[in-house]
Amino acid sequence: MSDERQEHNAACHCGSVKFRVRLADEFNTIRRCNCSYCRMRGAIAVSAQLSDIEFDKGEDNLTLYQFNTGTAKHYFCKTCGIYTHHQRRSNPNQFGINVACIEGVSPFDFPEVQVMDGVSHPSDSGSGPKVAGILRFEPTT
């Protein structure tokens, strides 16, 4: 059976890291997280299964950052420092893909983005993911 989901090209800022990804549900999974790390990083991510990312170039140019429990794995280009993706703590079978790295897509293309409650992480409480709110982007004219 063929996979008919769209394949997206993605890259870091300098182009040292290039990859292709099929998203779990296109951009319907777009979200932010309010944990201490994600608040500072500020990226918007979409979901992909671990098997749905393929590196064309620069996988060896990625560096890894882990904090707190060490479960989530955040990957960055060693050259330009751009966060490309992370393996999720809430679902270790998924990557969160930095929307800004996807060719032809901007985080500003999405007027509303769910904010997940990473401060009260579901792995800490035993409950499911919680939505902390909605971030609304209102473009200026």
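Sequential numbering from 177 applies to the sequence shown in our numbering.
Where is the CB? At the ideal position from N, CA and C, for every residue including glycine.
Keep in mind it's a predicted model, so treat the numbers as computed, not measured.
1) Quick one: what does DSSP say D201 is sitting in, helix, strand or coil?
2) Is it buried or exposed, N274, if we count other Cβ atoms within 10 angstroms and call 16 or more buried?
3) Note down, in chain order, each residue of its chain lying with its Cβ closer than 6 Å to the Cβ of P283, except the 5 sequence neighbours on either side.
4) Taking 6 Å as the limit between beta carbons, can you name the residues of its chain near G181, skipping five residues before and five after?
5) Hey, would you say T260 sits closer than 8 Å to C188, going by beta carbons?
6) Taking 8 Å as the cut-off, does the region 220 to 232 touch the region 241 to 255 (at least 3 CB pairs, one atom from each stretch)?
7) Indicate whether V289 and R207 have their beta-carbon atoms separated by less than 8 Å.
By the coordinates alone:
1) Stepping through the sequence shown from its first residue, residue 201 is reached at position 25. In the structure shown, D201 sits in a strand (DSSP, three-state: E or B).
2) As a working note, residue 274 is residue 98 in the sequence shown. Per the 10 Å Cβ criterion, buried.
3) For the purposes of this step, residue 283 is taken as residue 107 along the sequence shown, with counting starting at 1. Cβ within range, chain order: I220, V275 and A276.
4) Numbered from 1 along the sequence shown, position 5 holds the residue referred to as residue 181. According to the sequence as given, residue 181 is Arg; it is not Gly. Here the set comprises R198.
5) Taking the sequence shown and counting its residues from 1, the one referred to as residue 260 is at position 84. Taking the sequence shown and counting its residues from 1, the one referred to as residue 188 is at position 12. Yes, Cβ-Cβ distance for T260 and C188 is below 8 Å.
6) Output reads no: the region 220 to 232 does not touch the region 241 to 255.
7) Against the sequence shown, residue 289 aligns to sequence position 113. Against the sequence shown, residue 207 aligns to sequence position 31. Yes, the pair counts as a contact, with Cβ atoms nearer than the cut-off.
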